[in-house]
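Read through the structure below, which is laid out as C-alpha cells, and then see the notes.
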Amino acid sequence: MKLLTFTGLVALLLLSSSIVTTCDTEVKPPKKDFRTKNVIVLVIDGPRFSETFGDSTCQYIPHLAKDLAPQGVLFTNFRNNGKTNTNSGHTAITTGVYQSIRNDGTELPKYPSFFQYYLKEKKIPKEKAWIIASKGKLNILANARKKGWFHSYMPSDYCGPRGNGSEYVADKFTWDVVLEKLKTEQPSMMLINLLEVDTRGHSNDWPNYLGAIERTDKYAYKLWKFIQNSKHYKDNTTLIITNDHGRHLDGHKDGFVSHGDRCEGCRKIYMIGLGPDFKQGEVVTEEYEQIDISATIAHLMNFEMPTSDGRVITPLFK
Ligand SMILES: [Zn+2]
Ligand SMILES: [Zn+2]
Numbered sequence: 025m026k027l028l029t030f031t032g033l034v035a036l037l038l039l040s041s042s043i044v045t046t047c048d049t050e051v052k053p054p055k056k057d058f059r060t061k062n063v064i065v066l067v068i069d070g071p072r073f074s075e076t077f078g079d080s081t082c083q084y085i086p087h088l089a090k091d092l093a094p095q096g097v098l099f100t101n102f103r104n105n106g107k108t109n110t111n112s113g114h115t116a117i118t119t120g121v122y123q124s125i126r127n128d129g130t131e132l133p134k135y136p137s138f139f140q141y142y143l144k145e146k147k148i149p150k151e152k153a154w155i156i157a158s159k160g161k162l163n164i165l166a167n168a169r170k171k172g173w174f175h176s177y178m179p180s181d182y183c184g185p186r187g188n189g190s191e192y193v194a195d196k197f198t199w200d201v202v203l204e205k206l207k208t209e210q211p212s213m214m215l216i217n218l219l220e221v222d223t224r225g226h227s228n229d230w231p232n233y234l235g236a237i238e239r240t241d242k243y244a245y246k247l248w249k250f251i252q253n254s255k256h257y258k259d260n261t262t263l264i265i266t267n268d269h270g271r272h273l274d275g276h277k278d279g280f281v282s283h284g285d286r287c288e289g290c291r292k293i294y295m296i297g298l299g300p301d302f303k304q305g306e307v308v309t310e311e312y313e314q315i316d317i318s319a320t321i322a323h324l325m326n327f328e329m330p331t332s333d334g335r336v337i338t339p340l341f342k
C-alpha cells in the first residue's frame with residue numbers, strides 16, 4: 025500500500041473538508057417581494073399516511089385531495105425525521121430543530137420558534153401571533169429555553185380552556201377559538217393543532233379514527249374557505265397543512281394505535297402548501313421534512329431564523 029506523505033494527507037483532508045463545506049452550504053433562493061402577509065400552519069395530529077394520501081382513493085380526505093391539494097403543492101414524501109411524538113413533532117415544525125423533548129408538556133423547546141423570531145425582528149405585538157391547540161401541553165411551543173429568548177417575544181396561546189398545559193379539549197372548541205381570533209385579532213401568524221385523529225387512534229377505535237380523519241379534513245377545508253371569504257386574509261395568506269407524526273405500520277407493535285418510534289409509518293406524513301406565492305396543482309415526491317417548514321416561513325415573511333436546521337422548500341414557490 026502506498027503511504028501518503030503528511031503534506032499529501034493534509035492536502036487531502038483540506039480538499040475533502042472543502043468539498044463537504046461546499047455541499048453543506050445551502051444556496052437560499054433569492055428574496056422576493058412576496059404577497060404573503062399572513063401564515064397559518066394547521067397541524068392535524070397523528071394520521072397515518074396510509075389513511076391519507078397513501079390511499080389512492082383518498083376516501084377519508086376528500087377536501088384535502090380534491091379541493092385543497094389542486095390549489096397548492098402537495099408533498100407526498102414529507103417526514104418527521106426526529107422523535108415521532110406530539111411535542112417533538114410540533115417543536116421540529118416551530119423551531120426547525122429536532123429535539124427529543126418530553127411529551128408531557130414539562131419541557132420547553134431549546135431553541136426559539138418562528139413565532140419568536142418574527143415577533144422580535146418585526147416588532148409585532150403578541151396579539152398578532154397565536155398558537156391555538158386542542159392539546160394543552162402544546163403551550164410549550166410559545167416559549168424557548170435559549171438565553172435571551174426565555175419568556176421573551178412569546179406569541180399568544182390558547183391551549184385548552186385553562187391554558188395550563190394539562191388539558192385536552194375537543195377540536196370543535198379549538199375551532200371556535202380559531203375563528204374568533206381570526207375575526208377579532210386578525211393575527212398574521214397562527215399555528216393550530218387538532219387532536220382527534222390521534223386520540224381516537226390511541227383508543228384503538230378504528231371507525232372513529234377514520235371518522236376523525238374525515239372531520240379534520242372538513243376543518244382544513246373550512247379554514248381555507250374562511251381565508252378565501254375574508255377581505256383581510258384573501259390573496260395574502262399562506263396555509264400550510266401537515267402532521268406532527270404518523271402511526272406504526274400494520275403488523276408493527278400495536279399498529280395504528282400508537283406511534284413514537286422510527287418505523288416508516290411514524291415517520292411518513294404529508295404537507296400541503298397553499299398561498300399566493302406558491303404553485304398550484306403540483307405534487308412533489310422529493311423528500312422534505314418538518315424542520316424545513318420554519319425556514320420556509322422565515323423566507324416568506326422575510327425574517328432571519330439562524331438556529332433553524334431546515335432548508336427553504338423551493339418547489340413550493342412560483
Ligand atoms: Zn399520540
Ligand atoms: Zn412506528
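For the sequence shown, position 8 (counting from the first letter as 1) is numbered 32 according to the working numbering, and the numbering increases by one without interruption. We put the CB at the ideal spot given by N, CA and C, even for glycine.
By alpha-carbon distance to N109, the top candidate from E328, R286, V307 and A89 is R286. For V63, DSSP records a beta bridge to M213 and T262.
Rounded to the nearest angstrom, the gap between the Cα atoms of L162 and C183 is 6 Å. In the structure shown, the three-state DSSP call for T119 is helix. In the structure shown, T110 falls within a helical segment according to DSSP collapsed to helix, strand and coil. Three or more Cβ pairs closer than 8 Å define a contact, and the segment 240–249 falls short of that threshold against the segment 272–288.
Relative to ligand 1, the beta carbon of G129 is positioned no closer than 6 Å to any heavy atom.
Put simply, of E238, N228 and R169 the residue whose alpha carbon is nearest the alpha carbon of D195 is E238. Residues L143, M178, P179 and S180 of the same chain have their beta carbon placed closer than 7 Å to that of K150, with the five preceding and five following residues left out of the count. Those residues having their beta-carbon less than 6 Å away from any non-hydrogen atom of ligand 1 are, in chain order, G70, T110, D222, H226 and H283.
For the segment 223–280, the continuous alpha helix (DSSP H) assignments of 4+ residues that do not extend past its boundaries occur at 230–253, in sequence order. Take the alpha-carbon of N228 and the one of G284: they are about 16 Å apart. Within a 10 Å sphere around the beta-carbon of S332 sit 16 or more other beta-carbons, which makes this residue buried.
In this chain, the alpha helix (DSSP H) harbouring I317 covers I315 to M325. As the crow flies, the alpha-carbon of T81 is around 14 Å from that of D91. In chain order, G106 and A116 place their CB closer than 6 Å to the CB of Y122, counting only its own chain and leaving out the 5 sequence neighbours on each side. Residue state for D91 is assigned as helix, using DSSP reduced to three classes.
When the alpha-carbon of A236 is set against those of H323, V308, Q83 and N101, the nearest one is in Q83. Two segments are said to touch when three or more pairs of C-beta atoms, one from each, lie closer than 8 Å; by this definition the segment 97–106 touches the segment 311–322. Ligand 2 has a heavy atom closer than 6 Å to the beta-carbon of C290.
Rounded to whole angstroms, the separation of the alpha carbons of I148 and D222 is 33 Å. When DSSP states are grouped into helix, strand and coil, D195 belongs to the helix group. For E306, the three-state secondary structure derived from DSSP is strand. A residue is called buried when at least 16 other Cβ atoms come within 10 angstroms of its Cβ; P136 meets this threshold and is buried. The three-state reading of DSSP puts S74 in helix, counting H, G and I together. A check of alpha carbon separations from S112 across S158, I156, L165 and K258 identifies L165 as the nearest.
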